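Data block below; observations after.
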Amino acid sequence: MPLLQTLVIIHCPDIVIVTETWAAPYVSDSKLSILGYAIIRNDRHEGRCGGSCIYVKLPLTFFPLDYRQFTAEGESCWLRVVLKDNYSLLVGSVYHPSNVSEDYNLCLSLAFHTAADLNLKYCLIAGDFNLPEVRWFLTSGPAKFEVLLEAIDIGMWDEEVDFPPEDQTYLILFFVEVVSHCQCHL
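Numbering-wise, the sequence shown is residues 1 to 186 according to the UniProt record's numbering.
The structure is reproduced here in structure tokens:
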């Protein structure tokens, strides 16, 4: 946590997306707080590891998206940040554990379809997807991920990483739609 706090102080980002928080429901928000930022989070309820959260710089206005389609995917957080001129930015933080059931994959696909259906002009979705079978640079994968890849296509999102990883199976993805001046720091 001290390293994250230091990075936030140095870079002063408006939004910070974190996956694999390793926080549990009994950990209070104050233990995860960063001065000058609000936090929304979704912890893993069983076992260790996992979880995700989003920090939003104050005084930005945001609304957590608690739609069933978003909350069904156990370790993701979604919110809408109010921008100027009546625009909004959809922000999603997704942690998708490896070796999960087909139902879990379907929930992730439904979350992406719901995000696409919101039809917001600006979107930023980041996370650790643990999908080594999917090739993000050519967007292809096994049939079991067809619905997810379709949702990404419908949303017209692009995977935005300025550097190709040496091992494409370990990639933290940023999906964006029409977000200019977006800087991503890993």
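All residues carry an ideal CB built from backbone N, CA and C; glycine is no exception.
Please read all numbers here as calculations on a predicted model, not as lab measurements.
Item	Value
Could you tell me the alpha carbon to alpha carbon distance between valine 8 and proline 2, rounded to whole angstroms?	10 Å
How close, in whole Å, do the beta carbons of arginine 44 and glutamate 75 come, if the pair is a contact with beta carbons under 8 Å?	6 Å
Find the nearest neighbour of proline 132 within the set Ile125, Ala126 and Ser140, judged by alpha-carbon distance.	Ser140
Pick out whichever of Met156, Arg41, Glu46 and Val82 has its Cα sitting closest to the Cα of threonine 19.	Arg41
Once DSSP output is grouped into helix, strand and coil, what is the label at proline 13?	coil
What is the DSSP secondary structure of proline 64, reduced to helix, strand or coil?	strand
Round the Cβ separation of isoleucine 39 and aspartate 29 to the nearest angstrom and send it over; I've been treating them as touching at under 8 Å.	6 Å
Please go through the UniProt domain "Endonuclease/exonuclease/phosphatase" (13-132) and give each complete beta strand (DSSP E) segment of 3 or more residues, from N-terminal end onward.	15-19, 37-42, 52-57, 62-64, 76-82, 88-95 and 122-128
Could you tell me if glycine 36 is buried or exposed, where buried requires 16 or more neighbouring beta carbons within 10 angstroms of its beta carbon?	exposed
So, is aspartate 85 buried or exposed, given that buried needs 16 or more other C-beta atoms within 10 angstroms?	exposed
Excluding five sequence neighbours on each side, which residues of the same chain lie with their C-beta closer than 7 Å to the C-beta of serine 98?	Asn130
Leucine 79 and valine 94: beta carbons closer than 9 Å?	no
Between the C-alpha atoms of histidine 113 and phenylalanine 70, what's the straight-line distance to the nearest angstrom?	10 Å
Can you name the start and end residues of the alpha helix (DSSP H) that leucine 148 belongs to?	146-154
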